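One structure is given here, and the rest of the page talks about it.
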Amino acid sequence: MTNPRKSRDPKTLRPATQLIHGGSLRSEFEEASEALFLTQSYLYDSMEIAEARFKGTEPGFVYSRFSNPTVAMFERRMALLEGAEAARATASGMAAVTAALMGQVWAGDHVVAAKALFGSCLYVVEELLPRFGVASTLVEGTDLASWRAALRPNTKTAFLESPTNPTLEIVDIAGVADIMHGAGATLVVDNVFATPLFQRPLELGADCVVYSATKHIDGQGRVLGGVILASEKFIADHIHNFLRQTGPCLSPFNAWTLLKSLETLPVRVAAQTRSAERIADFLSGHPAVVRTLYPGRLDHPQADLAKRQMSAGGTLLAFEVAGGKTAAFRMANALSIIGVSNNLGDAKSLITHPETTTHQRLKPDQRAALGIGPGLLRLSVGLEDSQDLIEDLAQALDKTASLPRHAAE
Ligand SMILES: Cc1ncc(COP(=O)(O)O)c(C=O)c1O
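Using numbering that gives the first Met the number 0, read the sequence shown as starting at 0 and increasing by one per residue.
Below, the structure written as structure tokens:
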């Protein structure tokens with residue numbers, strides 16, 4: 000395997016170019032498009048080479064649980080995009096989150112995380128870590144004082160997502176990173192909602208970034224995947240052995256799908272974001288909509304922080320319809336283009352009712368504290384014509400007009 004285009008350092012290229020050419024490995028067949036290596040293992044020319052590969056004194060692939068050329072290309076391309084020294088791919092976003100946290104802690108350690116987390120991430124922090132003797136504290140992510148107050152002498156790491164799912168709150172990544180570093184702890188950021196194009200957590204001070212590649216990185220609703228990005232040292236100290244020995248690896252087929260998807264990530268996400276901006280404007284002026292939450296709008300409660308930390312508002316927005324659950328269900332059921340689904344980042348626009356799906360395992364008071372009410376809907380804006388999406392939303396919102404403003408839930 001060779002590195003094509005050796006003459007130009009891919010780190011000096013802009014993201015759109017990196018995502019077409021970066022990280023490629025070319026075989027002796029000189030293929031133009033990156034190859035899919037469906038192999039579990041590799042043959043060595045001699046016993047001596049096998050010994051050297053296992054010792055790590057000679058580079059090369061050993062076993063696809065931890066090294067495969069197609070997976071390596073995906074990791075190399077992601078590392079370039081993120082500006083990270085190293086990347087490791089995983090079977091799903093949750094495998095990435097779990098490894099990034101579990102790989103760092105020992106029994107007796109303490110972890111701090113924001114309350115507003117994706118439900119499965121909350122499970123890892125609140126239920127899984129404590130089973131292995133790792134205490135956790137959940138804090139109000141938007142309040143730096145509560146991160147500070149949660150620190151203990153044994154705090155090892157912190158975890159947050161920003162913008163949050165589903166209410167699109169913004170957490171001050173640089174602020175939390177400073178607090179954690181001051182206490183000798185690290186910060187892991189789930190950057191799924193912002194995408195690597197609009198928010199750069201490592202530059203803001205985070206030690207590790209995780210993605211569900213299932214979302215915008217695939218972007219076409221096909222495969223699951225995840226990725227962990229950090230310094231060489233962080234990966235060597237906390238991630239490499241954990242993944243290698245426990246096996247939540249990305250399949251070569253999924254890696255190939257994701258690698259090819261990266262080529263179109265900037266154009267897809269830019270088009271989706273332009274539509275999301277238009278749709279947020281439409282929804283915020285609609286009489287059936289009580290509030291619209293979009294990080295790219297000036298009326299977002301944390302518009303200044305969003306502007307400082309993100310270069311665009313992204314592809315997701317949330318809005319609350321008057322009339323609670325009855326109106327939200329009636330509206331979403333009346334949509335003819337936008338699909339009802341808990342997924343996001345897809346080419347197809349998707350709508351979710353967080354209270355009854357992604358966040359249903361939370362207690363009612365937890366949901367209320369996070370602003371997840373019965374009338375709240377999350378919209379992941381796809382690649383359809385934005386005017387068609389606005390017309391679809393308009394006709395569906397009309398269906399809620401006959402309901403009393405505060406219909407019983
Ligand atoms: C913010 C966030 N983090 C992590 C995940 C988990 O990713 P996956 O479904 O690929 O395991 C999801 C979605 O499912 C998500 O929305």
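Positions of the beta carbon are idealized from the N, C-alpha and C atoms, including for glycine. These numbers were taken from a predicted model, which means no experiment stands behind them.
Item	Value
Check: A98 C-beta below 8 Å from any heavy atom of ligand 1	no
Selected residue, minimal CA-CA separation from D280, among Q244, G204, E202, I389	I389
Rounded C-alpha distance that separates P300 from T1	50 Å
T325 to G374 span [Cα, whole Å]	8 Å
Closer than 8 Å: M0 CB and nearest ligand 1 heavy atom	no
Distance cut-off 8 Å: M101 Cβ against heavy atoms of ligand 1	no
Secondary structure of L80, DSSP reduced to three states	helix
The alpha helix (DSSP H) enclosing A305, as first and last residue numbers	302-308
The region 344-351 in contact with the region 378-388 per 3-pair CB rule at 8 Å	yes
Nearest neighbour of A113, chosen from T163, H180, Q103, V104 [CA to CA]	T163
Closest Cα partner of T69 within the set E29, G92, R25, Y43	R25
Candidates A327, A395, L292, T357, of which the one nearest S335 by Cα	A395
Distance cut-off 8 Å: E126 Cβ against heavy atoms of ligand 1	no
Reduced DSSP category for D189 - H, G, I as helix; E, B as strand; rest coil	strand
Per-residue DSSP class, three states only, for P251	helix
Coil, strand or helix - V226 by DSSP	strand
Contiguous beta strand (DSSP E) assignments of at least 3 residues, all confined to the region 157-191	185-189
Option in A184, G225, A275 with minimal Cα separation from F233	A184
9 Å Cβ cutoff met for G224 and V268	no
Touching by the beta-carbon criterion (3+ pairs, under 8 Å), the region 58-68 and the region 28-40	yes
Cβ pair count under 8 Å reaching 3, the region 288-296 against the region 311-330	yes
A113 (DSSP reduced to helix, strand or coil)	strand
Coarse secondary structure for V133, derived from DSSP in three states	coil
beta-carbon D189 near ligand 1 non-hydrogen atom, thresh 8 Å	yes
Ligand 1 heavy atom lying under 8 Å from the CB of A115	no
Euclidean distance between Cα positions of E231 and P251	23 Å
Sub-9 Å separation of V222 and Y210 beta-carbons	no
Buried or exposed (CB count within 10 angstroms, at least 16 for buried), W105	exposed
At least 3 beta-carbon pairs within less than 8 Å: the region 79-89 vs the region 149-160	no
Contact test: F281 Cβ vs ligand 1 heavy atom, cutoff 8 Å	no
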